[in-house]
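Engineer:
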Amino acid sequence: MLGKIALSFLVTTAALSGYIMQDGFVHVSVDEAAKNGTHLHLVLPAQLATIAAHFVPPDRLEGHLRELREVLPALQLSAQQLAKLPDSVLVEVRDGQEHVWVSKSGDGLSVEKESPQEHIKVWVPLRTIYDAAGLLESRAGSN
Amino acid sequence: MNLRSTSARLVLGGAILAVALLAGSTFKTQAQSSDRWLHVRVDNPDDKGEMVRVNVPIALAALLVSSVDHDQLHHGHVNIGHHADLNGLDLRAMLDAVRSAPDGEFVSVKNRDQDVRVSKQNGYLIVHVNDSNRKDNKDKQEVQVRVPISVVDALVASSKGSDDLDVAAALRALASHGDTELVSIKDGRETVHIWLDSKNDGD
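Protein sequence lines correspond, in order, to chains E and C.
Using the numbering used here, read the first sequence as starting at 82 and increasing by one per residue.
Using the numbering used here, read the second sequence as starting at 7 and increasing by one per residue.
Set out below in structure tokens:
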């Protein structure tokens with residue numbers, strides 16, 4: 082009996098892990114140059130962002146959705162098309178000592194900011210952008 | 007299936023070859039669709055070394071423009087009716103006239119301050135503005151715009167009225183062109199370049 086419970090727990094955990102990890106991971110890293118500066122490196126299952134979007138109260142989302150509604154199809158389409166492209170720097174801005182660039186890197190979109198004070202990098206799987214934009218669009222449609 | 011038999015090996019080899027060819031053709035189609043890249047490069051060495059680079063595949067730009075329905079942009083069409091700078095000028099009629107006209111210089115204005123020339127040459131609409139007022143070459147302003155006539159054609163061909171320009175069609179037409187320098191602006195030490203090629207890095 083105990084063996085069956087353990088087995089079903091194991092199967093459920095494996096299935097849940099598989100579901101959560103199916104979209105890959107969002108990478109966030111923040112490195113401050115100051116002596117006691119922050120060094121934050123997070124690797125989060127991308128599926129969590131999509132799951133979290135389900136639980137945002139409609140009244141909190143409504144205002145933002147109204148603004149985003151018109152660009153969500155474009156965002157979804159961009160994610161789909163970017164997946165077909167080779168790795169490339171799409172936008173790069175350098176202003177004095179600040180350097181910001183957005184690039185398609187592997188299966189994701191990367192945004193990096195580099196300055197004498199800090200280096201910030203966020204990498205999001207394109208599939209997550211596609212799924213989140215689709216989900217928000219369907220929520221915008223139902224409101 | 008016994009893989010040791012000759013026919014089985016042939017079937018397996020054929021299947022592998024078919025899959026490889028199919029995969030190859032799929033990748034080729036994807037590569038062609040993202041073949042042409044539009045690049046924008048702004049350099050200003052005076053202002054703390056400001057620099058902006060944008061590299062975007064034309065096919066993606068055309069798809070994005072077609073999918074947006076916001077403000078004056080409606081699924082690839084731009085409404086220019088509310089543009090105050092046009093001052094009653096029928097831009098669509100003007101572009102229509104340019105595309106059907108033979109090669110030649112349409113506008114040539116030369117005065118103490120500026121030299122402006124608009125012409126059509128070898129399938130291109132060329133606009134050249136030269137600020138001749140500046141004595142110092144360092145502050146000189148120069149603008150050169152070179153647009154393929156097929157792009158002008160696409161811009162007006164399927165537009166919905168005199169206030170409408172089909173930007174998505176123009177981008178698709180642009181995608182069929184070879185390496186082209188579209189816009190070149192020099193204002194003092196600041197430079198702006200917009201061009202089209204098959205490279206994805208913009209260098």
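For every residue, glycine included, the Cβ atom is placed at its ideal position computed from N, Cα and C.
Remember, it's a predicted structure, so these values are computed and weren't measured experimentally.
Identify each residue in the stretch 168–197 of chain C for which the Cβ-Cβ distance to at least one residue of chain E is less than 8 angstroms, and report them in chain order.
Structural biologist: For the stretch 168–197 of chain C, which is checked against every Cβ of chain E, not one residue is closer than 8 angstroms.
Engineer: Can you tell me whether R214(C) is buried or exposed, with buried defined as 16 or more other CB within 10 angstroms of its CB?
Structural biologist: Any question about residue 214(C) goes unanswered here, given that chain C covers just 7 to 209.
Engineer: Provide the residue span of the alpha helix (DSSP H) that contains L69(C), from first to last.
Structural biologist: 64–73 is the span of the alpha helix (DSSP H), which, as asked, contains L69(C).
Engineer: Can you tell me whether DSSP reads E60(E) as helix, strand or coil?
Structural biologist: Past the edges of chain E, shown from 82 to 224, lies residue 60(E), and the structure says nothing about it.
Engineer: For M100(C), return the contacting residues in chain E, with the cut-off set at a CB-CB distance below 8 angstroms.
Structural biologist: Within 8 angstroms Cβ-Cβ: nothing; M100(C) doesn't reach chain E, min ~30 angstroms.
Engineer: Using a Cβ-Cβ cut-off of 6 angstroms (strictly less than) and excluding sequence neighbours within five positions of H199(C), which residues of its own chain qualify?
Structural biologist: Cβ within range, chain order: R47, S190.
Engineer: With three or more beta-carbon pairs closer than 8 angstroms as the criterion, would you say the stretch 104–115 of chain E touches the stretch 173–184 of chain E?
Structural biologist: The stretch 104–115 of chain E is not in contact with the stretch 173–184 of chain E.
Engineer: Judging by CA-CA distance, which residue of L79(C), Y130(C), S73(C), G55(C) is the nearest neighbour of K166(C)?
Structural biologist: Per the C-alpha coordinates, the member of L79(C), Y130(C), S73(C), G55(C) positioned closest to K166(C) is L79(C).
Engineer: Do you know how far the Cα of H122(E) is from the Cα of F136(E)?
Structural biologist: 26 angstroms
Engineer: Against chain E, does R59(C) count as a neighbour if the rule is that its beta carbon must be under 8 angstroms from one of theirs?
Structural biologist: Cβ-Cβ to chain E under 8 angstroms: yes for R59(C).
Engineer: Can you list the alpha helix (DSSP H) stretches of 4 or more residues lying completely in the stretch 122–205 of chain C, in chain order?
Structural biologist: DSSP runs (the alpha helix (DSSP H)) wholly in the stretch 122–205 of chain C: 155–163, 173–181.
Engineer: For the stretch 44–57 of chain C, which residues have a CB atom closer than 7 angstroms to at least one CB atom of chain E, in sequence order?
Structural biologist: K54, G55, E56, M57
Engineer: Examine chain E for any beta-carbon lying closer than 8 angstroms to the beta-carbon of L202(C), and answer yes or no.
Structural biologist: Not an interface residue.
Engineer: Identify, in the order they occur along the chain, each residue of the same chain with its Cβ nearer than 6 angstroms to the Cβ of V162(C), setting aside the five sequence neighbours on each side.
Structural biologist: R98, L101, D102
Engineer: Between which two residues does the alpha helix (DSSP H) carrying G144(E) extend?
Structural biologist: 139–149
Engineer: So the candidates are A174(C), A107(C), K192(C), V124(C); which of them puts its Cα closest to the Cα of V84(C)?
Structural biologist: A174(C)
Engineer: Which residues share a DSSP beta bridge with N50(C)?
Structural biologist: Bridge partners of N50(C): E56(C).
Engineer: Alpha carbon to alpha carbon, how far is V133(C) from V151(C)? Give it in angstroms, no decimals.
Structural biologist: 5 angstroms
Engineer: Could you tell me which residues DSSP pairs with I201(E) in its beta bridges?
Structural biologist: V111(E), K194(E)
Engineer: Which of the residues in the stretch 161–180 of chain E, read from start to end, lie with their CB under 7 angstroms from any CB of chain C?
Structural biologist: Q162, K165, L166, P167, S169, V170, L171, V172, E173, V174, R175, D176, G177
Engineer: Quick one: which chain E residues come within Cβ less than 8 angstroms of V3(C)?
Structural biologist: With chain C running from 7 to 209 in the structure shown, residue 3(C) is simply not present.
Engineer: Note down the Cα distance separating Q147(C) from T186(C), rounded to an integer number of angstroms.
Structural biologist: Spanning the two alpha carbons is a distance of roughly 22 angstroms.
Engineer: Expressed to the nearest angstrom, what Euclidean distance is found between the alpha-carbon atoms of T131(E) and V205(E)?
Structural biologist: 12 angstroms
Engineer: Can we say the stretch 215–222 of chain E touches the stretch 153–171 of chain E, given the rule of at least three CB pairs closer than 8 angstroms?
Structural biologist: yes
Engineer: Ignore the nearest five residues each way along the sequence and tell me which others in V153(C)'s own chain have a CB closer than 7 angstroms to its CB.
Structural biologist: Y130, L131, L188
Engineer: Within 10 angstroms of its Cβ, does I155(C) collect 16 or more other Cβ (buried), or is it exposed?
Structural biologist: buried
Engineer: Give the straight-line distance between the Cα atoms of G30(C) and L171(C), rounded to the nearest whole angstrom.
Structural biologist: Below a pLDDT of 50, predicted positions are generally treated as unreliable, and G30(C), at 42, falls in that range; no measurement from the model is reported.
Engineer: By the criterion of Cβ-Cβ separation under 8 angstroms, what are the contact partners of H76(C) in chain E?
Structural biologist: E151, V152
Engineer: Within 10 angstroms of its Cβ, does N128(C) collect 16 or more other Cβ (buried), or is it exposed?
Structural biologist: exposed
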